[in-house]
Amino acid sequence: MADRRPRRGRGPAEADPPGTASRRAALRLLDAVLRRGDPLDIAAHAATQGLPPADRAFAIAIASETLRWMGDIDALIDGATSQVLADDVKSRTVLRLALAQLLILKTSPHAVVSTALPLVAGGPRRLVHALLSRAQQEEWSLPESANLPEAVAERWADQWGDAIVAAAAAAWSGPPPIDLSFAAEPGDEEWADAAVLAPLHRRLPRGQAIEAMPGFREGGWWVQDLAASLPARLLGAGNGRRLLDLCAAPGGKTMQLAAAGWDVVAVDSSAKRLERLSDNLARTALSADVVQGDIRTWEPDASAEAVLLDAPCSATGIFRRHPDVLHRIEPRQIDELAELQGELLARAAQWVTPGGTLLYATCSLERAEGEDQVAAFLDWHRDWTIDPVTPEELPAGIIPDDSGFVRTLPGMLADAGGLDGFFIARLRAPSAA
Ligand SMILES: C[S@@+](CC[C@H](N)C(=O)[O-])C[C@H]1O[C@@H](n2cnc3c(N)ncnc32)[C@H](O)[C@@H]1O
Numbered sequence: 001m002a003d004r005r006p007r008r009g010r011g012p013a014e015a016d017p018p019g020t021a022s023r024r025a026a027l028r029l030l031d032a033v034l035r036r037g038d039p040l041d042i043a044a045h046a047a048t049q050g051l052p053p054a055d056r057a058f059a060i061a062i063a064s065e066t067l068r069w070m071g072d073i074d075a076l077i078d079g080a081t082s083q084v085l086a087d088d089v090k091s092r093t094v095l096r097l098a099l100a101q102l103l104i105l106k107t108s109p110h111a112v113v114s115t116a117l118p119l120v121a122g123g124p125r126r127l128v129h130a131l132l133s134r135a136q137q138e139e140w141s142l143p144e145s146a147n148l149p150e151a152v153a154e155r156w157a158d159q160w161g162d163a164i165v166a167a168a169a170a171a172w173s174g175p176p177p178i179d180l181s182f183a184a185e186p187g188d189e190e191w192a193d194a195a196v197l198a199p200l201h202r203r204l205p206r207g208q209a210i211e212a213m214p215g216f217r218e219g220g221w222w223v224q225d226l227a228a229s230l231p232a233r234l235l236g237a238g239n240g241r242r243l244l245d246l247c248a249a250p251g252g253k254t255m256q257l258a259a260a261g262w263d264v265v266a267v268d269s270s271a272k273r274l275e276r277l278s279d280n281l282a283r284t285a286l287s288a289d290v291v292q293g294d295i296r297t298w299e300p301d302a303s304a305e306a307v308l309l310d311a312p313c314s315a316t317g318i319f320r321r322h323p324d325v326l327h328r329i330e331p332r333q334i335d336e337l338a339e340l341q342g343e344l345l346a347r348a349a350q351w352v353t354p355g356g357t358l359l360y361a362t363c364s365l366e367r368a369e370g371e372d373q374v375a376a377f378l379d380w381h382r383d384w385t386i387d388p389v390t391p392e393e394l395p396a397g398i399i400p401d402d403s404g405f406v407r408t409l410p411g412m413l414a415d416a417g418g419l420d421g422f423f424i425a426r427l428r429a430p431s432a433a
């Protein structure tokens with residue numbers, strides 16, 4: 001029979017000190033990313049439900065900084081405990097997020113400790129309390145740049161060398177600046193403080209509320225990393241020609257292409273992401289034919305002079321703004337994605353008119369999803385050729401590789417704030433016989 005006696009005192013949730021809810025949400029977020037392998041931005045919705053916007057933003061900031069600095073925070077924890085805490089025990093995760101607040105977000109120590117202890121109720125509260133006190137007394141600190149997860153550092157050292165690993169670590173240590181792409185060249189007055197690294201581009205320091213920036217409602221610009229804007233730039237002006245934008249959502253490149261005068265058919269398999277694409281087109285007053293379809297089975301009505309395949313990929317190139325990626329992506333997923341990319345690339349090639357252009361892009365720092373993918377394609381499609389990108393087509397400081405592909409790497413444009421890791425190949429279909 002249920003116990004109907006009134007409970008004495010307040011329940012544990014009611015007794016939590018102010019601010020505990022956002023830390024609980026950060027804990028749920030870290031659990032979703034590290035244990036279930038969910039992307040941070042997707043997990044954020046469920047993990048922060050019911051929180052006011054400021055607490056929601058704080059929970060996401062705690063989780064993001066914990067993920068960036070996790071290796072270094074773990075080294076501090078391990079150096080201070082006689083028995084190693086298992087990687088997945090709650091107390092380690094609570095310590096991680098508490099130390100991220102203390103050492104990076106500079107939250108008041110009292111708030112950090114008082115909100116951490118309820119998260120380990122029934123667990124090793126004394127250990128957590130003792131470690132957080134030690135961190136303050138001994139003035140623990142973090143290195144200048146955050147170490148990449150070991151497996152990623154090894155994989156990238158093999159592919160790109162130690163200097164790129166060091167540049168990636170420096171880039172991973174904090175959120176990147178904000179890049180905007182414009183439909184038309186903006187006036188100077190509103191953007192006097194912005195850096196201009198390419199036409200139709202402005203770069204602003206991080207930390208600004210996007211929706212409060214000038215002209216957001218008018219829709220003259222959208223947020224897009226400079227590297228992500230390169231594929232559409234390399235297709236030039238459309239002059240009303242037809243273009244298939246495959247894997248188009250949420251539409252950063254669709255907007256660029258529509259603004260450049262292409263008659264765009266934007267295809268994506270995700271209804272939810274296509275909603276965002278349609279919202280983006282509506283906000284910017286640009287137009288495209290929006291189609292939901294899986295490229296593996298979908299067929300266009302007609303082929304096109306240009307096809308852009310911005311293929312689904314590991315997204316390891318956008319690790320600066322998505323600090324969960326390097327903790328989640330494993331070699332097995334890279335292999336599976338590479339197989340899918342090969343399939344999509346072969347489908348996309350069928351829809352290019354003779355002599356037309358196929359532009360393949362991925363926001364990945366894995367050769368398997370870039371150089372190796374295109375090498376395999378050209379092996380199977382002997383009559384296709386590389387249409388080499390020239391340095392003049394690219395923003396200053398980015399140069400094509402020896403094959404005429406674009407490979408953006410950590411460390412490029414570092415003094416200007418860096419850019420995401422991308423691979424871009426422009427391929428030419430055989431002319432009609
Ligand atoms: C890298 S994102 C595209 C980004 C987009 N081009 C932009 O600039 O905003 C990859 C997209 O591929 C879509 N996708 C994944 N598999 C697909 C498939 N088999 N057919 C069509 N779209 C697919 C995903 O839904 C996702 O929106």
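Numbering of the sequence shown is given in the UniProt record's numbering, commencing with residue 1 and proceeding in unit increments. We put the beta carbon where it would ideally sit given N, CA and C, even for glycine.
Relative to ligand 1, the beta carbon of residue 253 is positioned inside 6 Å of a heavy atom. If you draw a straight line from the Cα of residue 385 to the Cα of residue 399, it comes to about 20 Å. Listed as beta-bridge partners of residue 203 by DSSP are 179 and 195.
In its chain, beyond the 5 residues on either side, 251, 254, 255, 258, 287, 288 and 290 have a beta carbon closer than 8 Å to the beta carbon of residue 281. Here DSSP, grouped into helix, strand and coil, assigns residue 298 to coil. Nearest to residue 173 by alpha-carbon distance, out of 103, 111 and 210, is 103. When rounded, the separation of the alpha-carbon atoms in residue 336 and residue 249 is 21 Å.
Inclusion of residue 422 and residue 317 in the CB contact set at 7 Å is warranted, their separation being smaller than that value. If you check the C-beta of residue 104 against ligand 1, you find no heavy atom less than 6 Å away. Note on geometry: alpha-carbon atoms of residue 123 and residue 25 lie some 18 Å from one another. For residue 308, DSSP records a beta bridge to 245 and 359. Spatial neighbours of residue 141 in its own chain (CB-CB distance under 7 Å, excluding positions within 5 residues in sequence) are listed in chain order as 103. Residue pairing by DSSP places residue 428 opposite 357 and 385 in a beta bridge. Judged by the Cβ position, residue 295 qualifies as a neighbour of ligand 1 at the 6 Å threshold, a heavy atom of the ligand being closer than this. Sequence-distant partners of residue 63 (beyond 5 residues in either direction) whose C-beta falls short of 6 Å from its own C-beta, in its chain, are 26, 29 and 30.
Boundaries around residue 156 are those of the alpha helix (DSSP H), 150–160, since no beta strand (DSSP E) includes it. By the C-beta criterion, the segment 65–81 is judged to be in contact with the segment 115–135, since at least 3 inter-stretch pairs fall below 8 Å. Cβ neighbours of residue 329 within its own chain (closer than 7 Å, five residues either side excluded): 314 and 316. The criterion of a C-beta distance shorter than 7 Å is not satisfied by residue 306 and residue 362.
In the displayed model, residue 406 falls within a strand according to three-state DSSP. Under a 10 Å Cβ-count criterion, residue 229 is classified as buried, with 16 or more other Cβ atoms of the shown protein chains found around its own Cβ.
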